[in-house]
Amino acid sequence: MGIVDAPPGTTLGERAGVIAAIAGIHAAAVDRDGRFPHEAIAALKHGRLLGAMLPVELGGEGANLAAIADICSTLGQHCASAGMVFAMHQIQVASLLLHAESGAFHRGFLARVAAEQMLLASATSEVGIGGDLRTSLCAVEVSGATYHLEKNASVISYGAQADAVLATARRHADSPPSDQVMVVALREHMHLERTTIWDVTGMRGTCSEGFRLRASGPADHVLPRLFAEIAARSMLATSHLLWAALWYGIAFAAVQRAQAFIKAETRKRPGDTPTGAIRVAEAASRLQMMKSMARDGLERYARAQESRDELTTMGFAVAMNNVKVATSRIAVDVVNTAMLVCGISGFKNDTPFSLVRHLRDVLSAQVMINNDRIFGNTATMLLVHRLDAQLVA
Ligand SMILES: Cc1cc2nc3c(=O)[nH]c(=O)nc-3n(C[C@H](O)[C@H](O)[C@H](O)COP(=O)(O)OP(=O)(O)OC[C@H]3O[C@@H](n4cnc5c(N)ncnc54)[C@H](O)[C@@H]3O)c2cc1C
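Per the numbering used here: the sequence shown = residues 17 to 409.
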């Protein structure tokens, strides 16, 4: 056992439920103060959930992506910021898992993530390139056994709290912008100078400030696989799927409040079905659409794990892009519909039916890698890729 002991005899889902309740208690303060959800993250560490996806031999529990997605959804129902921190951390873990067999540093680092419940952050966005994941301006320099990296990162969620940041950069100073690698910058090898604050509409607890990142460390902390492969085999799919799960959680919580509102109205006037009841039915059907898309995506991802070539096909990339853009749009629509049902009670901050935080949080979905950028990417693939004619298979 590492420094944190899991409560014995509890399943991942049971632990997630307890942690989500803790997250929920602090969610309003996290949002109001735009502060890191440290109670929820401490509880995730105590429950050993940060290493859950790692194999048992590295100190994890061998959880699959669907189990992690379920936790994202559970957390998202109570505190979207805590859920997003958890999701982003797991996306980094999934990228590192591709390297589990690559060498002493990588296996040792993954074992540390589980033992010490280290929190991992991401720096792909960069000043000058925006959200284009597959482009970097900065370059890593390797001299002898040491790497050096300086990156003007426009956004690093919970950068100030992370134990390591996985940063993209050009492979060397002469590389073109798309010839990228990923560097594991450990807290002890890195200096972060804050460049922007995070005064935003929603997801305020992710503390996604801008930083100038300067790091120097052992050269083997530059991941051996090219970032193109990490993105295609892991990062794009895991991001879209875990985010979709989280947005489902936010939307579910909103519909649950709308349903409770209608039930309360019905009790006040028995026999009289409130107008908003039909909107709850409408929102519930959209919620099911979200769930179906996310589950289909997760099943497709699980199947692709069995045949590694599938992960790099256009069909798979189009499917994952579609999960992201569709669920991010439907989630906003669902929360907005729930707001319409609850009326002024949903619009106000201080009622049991308030949906203000849900709406603000879920609005981040469409800009967290801008939907138009993803549509642009899908559009290019659809110039050559045939649509899937089969409903089942
Ligand atoms: C809550 C939250 C947390 C985040 N956390 C992190 C993090 O931890 N690490 C990280 O690296 N990033 C993070 N991000 C940043 C995120 O992943 C995107 O990089 C960022 O939201 C993109 O910002 P943008 O819309 O300005 O840029 P862009 O995506 O560049 O979009 C700008 C404009 O360009 C348009 N556009 C579309 N396609 C193209 C194209 N092909 N070429 C040029 N322009 C195009 C878009 O429609 C948009 O209008 C986070 C974002 C959010 C909302």
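All residues carry an ideal CB built from backbone N, CA and C; glycine is no exception. Computed from a predicted model, the values in this text were never measured in an experiment.
Residue i beta carbon near ligand 1 (any heavy atom closer than 7 Å)
i, result
"Asp414", "Summary: the structure shown does not reach residue 414, with the chain confined to residues 17 through 409, and so no result is reported for it."
"Ser173", "yes"
"Gly392", "yes"
"Ala267", "no"
"Gly92", "no"
"Ile213", "no"
"Met384", "yes"
"Asp47", "no"
"Met134", "no"
"Met306", "no"
"Ser380", "yes"
"Ser344", "no"
"Met198", "no"
"Ala276", "no"
"Ala354", "no"
"Ala180", "no"
"Ala96", "no"
"Gly226", "no"
"Ser138", "yes"
"Thr396", "no"
"Met219", "yes"
"Met104", "yes"
"Met69", "no"
"Thr329", "no"
"Gly99", "no"
"Gly147", "yes"
"Ser152", "no"
"Ser141", "yes"
"Thr222", "yes"
Close beta carbons around residue i, own chain, < 8 Å, minus the five adjacent residues each side
i, result
"Arg187", "Ala155, Val156, Asp195, Gln196, Val197 and Leu242"
"Thr217", "Arg376, Leu379 and Ser380"
"Val334", "Thr394, Met397, Leu398 and His401"
"Pro53", "Ala39, His42, Ala43, Val46, Cys95, Ser97, Ala98, Val101 and Gly221"
"Ser173", "Met100, Val101, Met104, Ala137, Ser138, Thr222, Cys223 and Ser224"
"Thr27", "none"
Sequence-distant residues of its chain with Cβ nearer than 7 Å to residue i (five each side left out)
i, result
"Gly175", "Ala137, Val181, Leu208, Glu225 and Phe227"
"Ala409", "none"
"Ala300", "Val271"
"Val20", "Annotation note: pLDDT 45 at Val20 (below 50); position unreliable, coordinate value reported separately. Around Val20: Lys61, His62, Arg64 and Gln133."
"Ile213", "Glu225"
"Ala305", "Contrary to the premise, residue 305 reads as Met rather than Ala in this sequence. Around Met305: Ile346."
"Val143", "Asn168 and Ser170"
"Ala161", "Pro234 and Ala235"
"Glu298", "Thr353"
"Arg273", "Ala354, Cys358, Phe369 and Leu371"
"Ser344", "Trp263, Ala381, Gln382 and Asn387"
"Leu403", "none"
Same chain, Cβ closer than 6 Å to residue i, neighbours up to 5 away in sequence not counted
i, result
"Gly292", "Ile278 and Val357"
"Pro368", "none"
"Ala248", "Thr328"
"Leu407", "none"
"Leu202", "Ala180"
"Leu70", "Gly76, Leu126 and Ala130"
Beta-carbon proximity check, residue i vs residue j, cutoff 8 Å
i, j, result
"Tyr264", "Ser89", "yes"
"Ala411", "Ala347", "In the structure as shown, the chain begins at 17 and stops at 409. Residue 411 is therefore absent and cannot be evaluated."
"Ala43", "His94", "yes"
"Ser141", "Val101", "no"
"Met14", "Gly313", "Since the first and last residues shown for the chain are 17 and 409, residue 14 lies out of range."
"Gly147", "Ile385", "yes"
"Leu153", "Pro193", "yes"
"Arg150", "Leu74", "no"
"His115", "Pro234", "no"
"Gln177", "Leu135", "yes"
"Leu262", "Gly92", "yes"
"Asp236", "Gly119", "yes"
"Phe6", "Val341", "With the chain covering only 17 through 409, there is no way to say anything about residue 6."
"Ala244", "Val199", "no"
"Ala269", "His374", "yes"
"Val350", "Arg302", "yes"
Beta carbon proximity, residue i to chain B, threshold 8 Å
i, result
"Gln133", "Absence of chain B from the displayed structure is noted, only one protein chain being present."
- Query: Would the segment 240-258 and the segment 101-111 be scored as touching if the rule is three or more Cβ pairs under 8 Å?
  - Reply: yes
message = At 4 residues or longer, what runs of the alpha helix (DSSP H) sit wholly inside the segment 105-160?
response = 120-132
message: List, from N- to C-terminal side, the beta strand (DSSP E) runs of 3 residues or more that fit wholly inside the segment 242-267.
response: none
- Task: Inspect the CB distances between the segment 50-66 and the segment 31-42 and report whether three or more fall short of 8 Å.
- Result: yes
Within 8 Å, do at least three Cβ pairs link the segment 67-84 to the segment 34-53? no
Mind pulling the beta strand (DSSP E) runs of 3 or more residues that sit fully within the segment 155-216? 157-159, 162-172, 180-186, 196-202 and 206-212
Query raised in the report: Where in the segment 25-49 do unbroken runs of the alpha helix (DSSP H), each at least 4 residues long, occur, reported from the N-terminal end onward?
Result: 28-49
Just to confirm the assignment: which complete alpha helix (DSSP H) runs, minimum length 4, are found wholly within the segment 344-370? 360-363
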